[in-house]
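Residue numbers (my numbering), protein chains in the order written: chain A, 1 to 60; chain B, 1001 to 1457.
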Amino acid sequence: MATTSEPAQGIAAAREVLAARLPDGGASIPDEDWADLAVTGVAVDSWRALIRQLLDRSEA
Amino acid sequence: VTVSTDPCLAPIGEVARRLRGGELSPRELVEATLRRIDTLNPTLHAYYHVFADEALDAAGTAGAELVRGVDRGPLHGVPVALKDVIECGPTTGGSAALRDHVAGADAEVVERLRAAGAIVVGKLATYELAFGASSYGDLFPPARNPWAPELDPGGSSTGAGVAVATGMAHAAIGSDTGGSVRLPAAFCGIVGLKPTYDRISRRGLIPLAPSLDHVGPLARTAGDAAIVLEACCDAVAPAAPLEPAGLRIGVPWAFFEASCDARILAAFATALEVLVDLGADVVDVEFDVSFAEASATFWAIIAAEAAREHHELCRASPPPGREARVIFETGRLVDAVLYLDAQRARAVVAAAVERLLAGTPVLALPTVGMMQRPIPEQPFGPERRVADPPAPIYTLLANLCGTPAVSLPCGFDGATSLPIGLQLMAGPFRDRELLDVAAAYEATAGWTHRRPGAPTT
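And the structure:
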């Protein structure tokens, strides 16, 4: 069963991963934006997969 | 409501005739437009800024020129308006971050409109920085759909769609990075053209994603859109004419059918029947790119380029709103390899479209696969922008390719009476010929004459 702390822990974990991908370590991003970035960060990875799928098919 | 003899709703060609025949003066036309704005704008919020005094002065000059025999063409003395990302006077981009910005010079498209005699009556509402959708919680009140004011008019050129649909301007200039001219055209029941890439200059446009950004006109008819287009850009050598009779029109069903609202599919199918009746050879075409792949390609590019353009603005006080800000921040997660792969994928998409256009010079598809939605109380989060499956915004295909695409009304939902848009695409620099096909369709379909009534809320 989910607990109320799990979303916060999930966001903190996502923040750590995403910040490592940013040139400034995410220092310029305000705290309140990280929950949204946890969502969009997943989307960026899905864009990468779909683009790769298209390129692989076109190059086959 | 149908179009009457009201000069604010008359086609530009008809207005031009009346202005030259002495039945109407530019000043009378601008005064009528300003009265209409006074009446409708407090409810519909299409305009951020109205240049009443400047417009009346310009109308006086335009009228004096006509009396002297100086004729600048069909836009001479005709009221037009600008999305507030086009530099001209106060230019906020609909953002608190730019609320005090005043343009140092007019955008090139404004210079061209003025040279053609058009009267700029004001600046129009936009989704924030041509991206973050409107809400009632914004600094600027959101523009409201004239067919149902609780609904969004489509964006990001929201005010342009509303102003043109209701006769608060004869035409407007918007920007279109993924559909921002064509979506409000579809949702407001008018015509919106995304021209060939850079056919209309982007100088003086607040950028969103430069490789995808286009400047384009919104008007009530395809003929009016053609008049504005020709005033805003240099002429090109005319291509072979496109006429519905005998024209092969391709329909890439697999690209949109699964994600499109059934009401829109029904109106689209009826529109195809009209084109067949006009003599077109409408054929199914195979398009080897899924909407999800095209959408992912689009999003990777727009996010990265918008981050490049606006990341610094995210540090402004106040910063952009939540939806725009988070996408600008998200763009920094698009690394160089992903951006370059997205551009390679874009070339694959463009080549696939080019192959289709070689066999069928016009492609037809719905403009957008969802109906108008309520304006939210508070700004959206980013979820809907990165949803899986992606939002059915079929307009983005032409932004990836740079080819011209026009949205025009193709019917109204029977239950809600809300307008539905048909999108037609053609090869590069066939903008004018594409509008000719659109004009032939609208002359037969007849939807152009249907206009929203006065708002009741």
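Every residue, glycine too, gets a C-beta built ideally from N, C-alpha and C.
Just confirm the distance between the C-beta atoms of residue i and residue j, as a whole number of angstroms; I'd bet it's less than 8 Å.
i: Met1168 (chain B); j: Ile1037 (chain B); result: 5 Å
i: Pro1455 (chain B); j: Thr1005 (chain B); result: At roughly 22 Å, the Cβ-Cβ gap does not stay under 8 Å, so Pro1455 (chain B) and Thr1005 (chain B) are not in contact.
i: Ile1012 (chain B); j: Val1109 (chain B); result: Contact flag wrong, Cβ pair sits at about 17 Å.
i: Pro1210 (chain B); j: Leu1193 (chain B); result: No, Pro1210 (chain B) and Leu1193 (chain B) are not in contact; Cβ-Cβ is about 20 Å, not under 8 Å.
i: Cys1188 (chain B); j: Gly1159 (chain B); result: Contact doesn't hold; Cβ gap of about 10 Å is too wide.
i: Ile51 (chain A); j: Ala1342 (chain B); result: 6 Å
i: Gly1077 (chain B); j: Leu1029 (chain B); result: 6 Å
i: Pro1361 (chain B); j: Gly1402 (chain B); result: Contact doesn't hold; Cβ gap of about 16 Å is too wide.
i: Val1050 (chain B); j: Pro1079 (chain B); result: Their Cβ separation, rounded to whole angstroms, is 11 Å, which puts Val1050 (chain B) and Pro1079 (chain B) out of contact at 8 Å.
Please tell me whether residue i has its Cβ less than 7 Å away from any Cβ of chain B.
i: Ala2 (chain A); result: Legend: pLDDT at Ala2 (chain A) = 44, less than 50; position of this residue unreliable, value from coordinates given subsequently. Answer no: the Cβ-Cβ gap between Ala2 (chain A) and chain B never drops below 7 Å.
i: Val17 (chain A); result: no
i: Trp34 (chain A); result: no
i: Ser11 (chain A); result: The amino acid at residue 11 (chain A) is misidentified as Ser; the sequence shows Ile. False, the Cβ-Cβ gap to chain B never drops below 7 Å.
i: Gly25 (chain A); result: no
i: Ala38 (chain A); result: no
i: Ala43 (chain A); result: yes
i: Trp47 (chain A); result: yes
Identify the continuous beta strand (DSSP E) that holds residue i and give its terminal residues.
i: Leu1066 (chain B); result: No beta strand (DSSP E) holds Leu1066 (chain B); the alpha helix (DSSP H) holding it covers Ala1052 to Arg1068.
i: Val1215 (chain B); result: His1214 to Ala1219
i: Gly1250 (chain B); result: Arg1248 to Val1251
i: Pro1419 (chain B); result: Pro1419 to Ala1426
i: Leu1363 (chain B); result: Val1362 to Pro1366
i: Ile1119 (chain B); result: Ile1119 to Leu1124
i: Leu1408 (chain B); result: Ala1405 to Phe1412
i: Val1110 (chain B); result: Per DSSP, Val1110 (chain B) belongs to no beta strand (DSSP E); it is in the alpha helix (DSSP H), Glu1108 to Ala1115.
i: Val1283 (chain B); result: Asp1281 to Asp1284
The alpha helix (DSSP H) that contains residue i, what's its start and end?
i: Val1080 (chain B); result: Note, Val1080 (chain B): premise wrong, no alpha helix (DSSP H); beta strand (DSSP E) at Pro1079 to Lys1083.
i: Gln1372 (chain B); result: Where Gln1372 (chain B) is concerned, there is no enclosing alpha helix (DSSP H), given that its DSSP letter is neither H nor E.
i: Ser1295 (chain B); result: Phe1291 to His1310
i: Ile1012 (chain B); result: Ile1012 to Arg1020
i: Gly1223 (chain B); result: Ala1222 to Cys1232
i: Val1326 (chain B); result: Arg1322 to Thr1330
i: Val1164 (chain B); result: Thr1158 to Ala1165
i: Pro1184 (chain B); result: Arg1182 to Cys1188
i: Ala1143 (chain B); result: No alpha helix (DSSP H) holds Ala1143 (chain B); DSSP gives it neither H nor E.
i: Leu1396 (chain B); result: Leu1396 to Cys1401
Look up residue i in the DSSP assignment and say whether it is helix, strand or coil.
i: Ser1259 (chain B); result: helix
i: Tyr1339 (chain B); result: helix
i: Ser957 (chain B); result: There is no way to answer for residue 957 (chain B), as the model of chain B reaches only from 1001 to 1457.
i: Asp1038 (chain B); result: helix
i: His1449 (chain B); result: helix
i: Pro1090 (chain B); result: strand
i: Ile29 (chain A); result: coil
i: Ser1151 (chain B); result: It should be pointed out that residue 1151 (chain B) corresponds to Leu in this sequence rather than to Ser. Leu1151 (chain B): strand per DSSP, three-state reduction.
i: Ser64 (chain A); result: This structure cannot settle anything about residue 64 (chain A), because the visible part of chain A is limited to 1 through 60.
i: Tyr1197 (chain B); result: coil
i: Glu950 (chain B); result: Residue 950 (chain B) lies beyond the stretch modelled for chain B, which goes from 1001 to 1457, so this question has no answer here.
i: Gly41 (chain A); result: helix
i: Arg52 (chain A); result: helix
i: Leu1009 (chain B); result: coil
i: Tyr1047 (chain B); result: strand
i: Gly10 (chain A); result: helix
i: Val1348 (chain B); result: helix
i: Gly1359 (chain B); result: helix
i: Leu1242 (chain B); result: coil
i: Val1386 (chain B); result: helix
So, are the CB atoms of residue i and residue j less than 7 Å apart?
i: Glu1433 (chain B); j: Leu1205 (chain B); result: no
i: Leu54 (chain A); j: Glu1442 (chain B); result: no
i: Asp1176 (chain B); j: Arg1373 (chain B); result: no
i: Ala1171 (chain B); j: Val1191 (chain B); result: no
i: Gly1246 (chain B); j: Val1285 (chain B); result: no
i: Ala1280 (chain B); j: Pro1244 (chain B); result: yes
i: Met1425 (chain B); j: Ala1398 (chain B); result: yes
i: Ala1130 (chain B); j: Ser1095 (chain B); result: no
For residue i and chain A, any beta-carbon pair shorter than 7 Å?
i: Arg1355 (chain B); result: no
i: Pro1320 (chain B); result: no
i: Asp1341 (chain B); result: yes
i: Arg1451 (chain B); result: no
i: Pro1184 (chain B); result: no
i: Leu1034 (chain B); result: no
i: Gly1446 (chain B); result: no
i: Leu1338 (chain B); result: yes
i: Thr1158 (chain B); result: no
i: Leu1424 (chain B); result: no
i: Ala1097 (chain B); result: no
i: Thr1177 (chain B); result: no
At a CB distance below 7 Å, what residues from the segment 1291 to 1303 of chain B approach chain E? Give them in sequence order. Within the model displayed, chain E is absent; protein chains A and B are what it includes.
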